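Numbering (our numbering), first residue to last: 107 to 510.
Inspection log for the structure reproduced underneath, given as structure tokens.
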Amino acid sequence: MRQSRQFVRTRREAPKDEVSVNAKLLARAGFVEKLMAGVYSFLPYGFRVLKKIEAIIREEMDAIGGQEVLLPVLHPRENWEKTGRWDTYDSLFRFKSLYSKTDYVLGPTHEEIIVPLVKRQNLSYKDFPFYIYQIQDKFRDEPRAKSGLLRGREFIMKDLYSFHLDESDLDNYYEKVKESYFKVFERVGLGAVTHLTFASGGTFSKYSHEFQAVAGSGEDTIYLCSACGVGLNREIAGDEPKCPECGSSELEEKRAIEVANIFKLHTKYSSPFGLKVKGEDGKERDVAMGCYGIGLNRLVGAIVEVYNDERGIVWPESTAPFSVHLLSIGSEEATLKSAEDVYNKLLNAGIEVLYDDRKNISAGVKFADADLMGMPYRIVVSNKTLKKDSVEIKKRSEDKTEFV
Numbered sequence: 107m108r109q110s111r112q113f114v115r116t117r118r119e120a121p122k123d124e125v126s127v128n129a130k131l132l133a134r135a136g137f138v139e140k141l142m143a144g145v146y147s148f149l150p151y152g153f154r155v156l157k158k159i160e161a162i163i164r165e166e167m168d169a170i171g172g173q174e175v176l177l178p179v180l181h182p183r184e185n186w187e188k189t190g191r192w193d194t195y196d197s198l199f200r201f202k203s204l205y206s207k208t209d210y211v212l213g214p215t216h217e218e219i220i221v222p223l224v225k226r227q228n229l230s231y232k233d234f235p236f237y238i239y240q241i242q243d244k245f246r247d248e249p250r251a252k253s254g255l256l257r258g259r260e261f262i263m264k265d266l267y268s269f270h271l272d273e274s275d276l277d278n279y280y281e282k283v284k285e286s287y288f289k290v291f292e293r294v295g296l297g298a299v300t301h302l303t304f305a306s307g308g309t310f311s312k313y314s315h316e317f318q319a320v321a322g323s324g325e326d327t328i329y330l331c332s333a334c335g336v337g338l339n340r341e342i343a344g345d346e347p348k349c350p351e352c353g354s355s356e357l358e359e360k361r362a363i364e365v366a367n368i369f370k371l372h373t374k375y376s377s378p379f380g381l382k383v384k385g386e387d388g389k390e391r392d393v394a395m396g397c398y399g400i401g402l403n404r405l406v407g408a409i410v411e412v413y414n415d416e417r418g419i420v421w422p423e424s425t426a427p428f429s430v431h432l433l434s435i436g437s438e439e440a441t442l443k444s445a446e447d448v449y450n451k452l453l454n455a456g457i458e459v460l461y462d463d464r465k466n467i468s469a470g471v472k473f474a475d476a477d478l479m480g481m482p483y484r485i486v487v488s489n490k491t492l493k494k495d496s497v498e499i500k501k502r503s504e505d506k507t508e509f510v
């Protein structure tokens, strides 16, 4: 991709109304643009990051038997009344149609839609278990949307729902999803800082689980167990916190970003809609369910919060919009020809490259933009490199350069 042909521009200064690191850097680097509090447009570079994360998540969900669907964002009021959440879900976007005078909801989650959909399939016990997921926009009337991509009113989420004949099967699949999520975080570059964390189970069970990425700018406080590495959210820790996993009281307080959560729903949503199935013994029972979410926008923001320095973003290779940022420095014909040759060779080798071919832009500005945007590798073609019959290569996460 040629940088000279992109409509996006970098900024020297962050927008004055942004306070979080991720929002400041992503806006300055031209990855996102804020429309209003909690609502962001993804620009071409940022959209490439988002699609890479989406592809990783999709591969891991498919690997554990997930069947992908796309469900409506617009929900009827009566579905939410059946579960009692029309009046109790405090961040629900509700509105009335101007024409039909019908009440609707913009979906913040999809239990109220997926359960009646499954019920209409008239399944038998032989069809269980099965797992349905989607990657789709969600809407929540967030009261404090001030942390960039970490807390939005409109965002993209992967939500997976599992359906089981009994609790034992739910327990087994729940553990499989845990393993799958750790694979996702390892692949997007957050594996080393992400910890399984016990959190409130709400009305579902004693505990649910969050996946918390340790970061100094995180909104959550967790206690990390030095013995087993499992976390405990401060909200449920009590006066003398102990690790629920191993019982140790050797805990270290950390700030962290919640990047995912998983719940055992049991029959919380299957029961109101009458989702039942006859077992092999002929007895009818409510279907047990699990719910497993990952916010894609939040993952983008978390990666930037973890991987940055004083010059800008430092993308992990798996989620960077391009592997290489190629810089052409100088206006000499031989330099330009050599840079074009390198660009074409990289493309032919299947390497994703952003080519800074902008004219009348100083070397200092090009270097500053490359650091700000944070591609894993920078390659420079200049009069200096031509004299050495080479190019200059630098890894974004390192200070040293080498001529190759």
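Each residue gets a CB set at the ideal place from its N, CA and C atoms; glycine is no exception.
Note that the structure is a prediction, hence the values are computed from the model and not measured.
{"Query": "With burial defined as no fewer than 16 other Cβ atoms inside 10 Å of the residue's Cβ, what is the status of Ser314: buried or exposed?", "Result": "buried"}
{"Query": "In terms of residues, what are the limits of the alpha helix (DSSP H) holding Ala343?", "Result": "Unbroken run through Ala343: none, as it is neither H nor E."}
{"Query": "Could you pull the DSSP bridge partners for Ala366 from this structure?", "Result": "Phe317 and Ile400"}
{"Query": "With H, G and I counted as helix, E and B as strand and the rest as coil, what does DSSP make of Gly470?", "Result": "helix"}
{"Query": "Give the DSSP bridge partners of Val138, in chain order.", "Result": "Phe148"}
{"Query": "Less than 9 Å between the C-beta atoms of Ala426 and Lys158, yes or no?", "Result": "yes"}
{"Query": "When you compare the stretch 222 to 237 with the stretch 167 to 174, are there three or more beta-carbon pairs, one atom per stretch, that lie closer than 8 Å?", "Result": "yes"}
{"Query": "Among Arg250, Glu439, Ala120 and Phe428, whose alpha-carbon lies nearest the alpha-carbon of Ala133?", "Result": "Ala120"}
{"Query": "Between the stretch 367 to 375 and the stretch 321 to 329, are three or more C-beta pairs nearer than 8 Å?", "Result": "no"}
{"Query": "In or out: Arg118 buried (at least 16 other Cβ within 10 Å) or exposed?", "Result": "exposed"}
{"Query": "Nearest to Leu381 by CA position, among Asp193, Glu218 and Glu166, is which residue?", "Result": "Glu218"}
{"Query": "Pull up the DSSP beta-bridge partners for Leu478, would you.", "Result": "Bridge partners of Leu478: none, in fact."}
{"Query": "Going by other Cβ atoms of all chains shown within 10 Å of its Cβ, with 16 needed for buried, is Gly407 buried or exposed?", "Result": "buried"}
{"Query": "Taking buried to mean at least 16 other C-beta atoms within 10 Å of its own C-beta, is Phe201 buried or exposed?", "Result": "exposed"}
{"Query": "Around the C-beta of Tyr279, are 16 or more other C-beta atoms found within 10 angstroms, so that it is buried, or is it exposed?", "Result": "buried"}
{"Query": "Beta-carbon separation of Tyr210 and Arg246 under 9 Å?", "Result": "no"}
{"Query": "Look at the alpha carbon of Cys334 and the alpha carbon of Phe269, and state the distance between them as a whole number of angstroms.", "Result": "30 Å"}
{"Query": "Where are the alpha helix (DSSP H) runs, 4 residues long or more, that stay fully inside the stretch 220 to 296, in chain order?", "Result": "273 to 294"}
{"Query": "Using CA coordinates, which residue listed in Glu508, Val175 and Leu433 is at the minimum distance from Gln242?", "Result": "Val175"}
{"Query": "Decide if the stretch 414 to 424 is in contact with the stretch 466 to 484; the criterion is three or more beta carbon pairs, one per stretch, under 8 Å apart.", "Result": "yes"}
{"Query": "Within the same chain, show all residues whose beta-carbon is closer than 8 Å to that of Leu156, passing over the 5 residues directly before and after it, in chain order.", "Result": "Phe148, Ile262, Leu402, Asn403 and Val406"}
{"Query": "Our contact map puts Gly399 next to Asn367 with C-beta atoms below 8 Å; I'd like the distance itself, whole angstroms only.", "Result": "6 Å"}
{"Query": "According to the neighbour-count rule (16 or more other Cβ atoms, all chains shown, within 10 Å of its Cβ), is Asn454 buried or exposed?", "Result": "exposed"}
{"Query": "Which residue wins for smallest C-alpha separation from Glu576, given the options Gly470, Tyr413, Lys465 and Phe428?", "Result": "Residue 576 is absent from the structure shown; the chain starts at 107 and stops at 510."}
{"Query": "Who does His431 pair with in a DSSP beta bridge?", "Result": "Leu460 and Arg484"}
{"Query": "Going straight from the alpha carbon of Ile162 to that of Phe291, what length do you get?", "Result": "9 Å"}
{"Query": "For Ala440, report the span of its alpha helix (DSSP H) as first-last.", "Result": "Glu439 to Asn454"}
{"Query": "Count the other C-beta atoms from every protein chain shown that fall within 10 angstroms of the C-beta of Gly344, then say buried if there are 16 or more, exposed otherwise.", "Result": "exposed"}
{"Query": "Identify the continuous beta strand (DSSP E) that holds Asp505 and give its terminal residues.", "Result": "Note, Asp505: premise wrong, no beta strand (DSSP E); not H, not E."}
{"Query": "Within its chain, find whatever has a CB closer than 6 Å to the CB of Leu222; leave out the 5 residues flanking it on each side and keep chain order.", "Result": "The identity of residue 222 in the sequence shown is Pro, whereas the question assumes Leu. These residues qualify, in order along the chain: Phe379."}
{"Query": "So is Thr300 buried or exposed if we call it buried at 16+ other beta carbons inside 10 Å?", "Result": "buried"}
{"Query": "Whole angstroms are fine: how far does the CA of Leu198 sit from the CA of Leu204?", "Result": "19 Å"}
{"Query": "Cα separation between Lys122 and Gln109?", "Result": "26 Å"}
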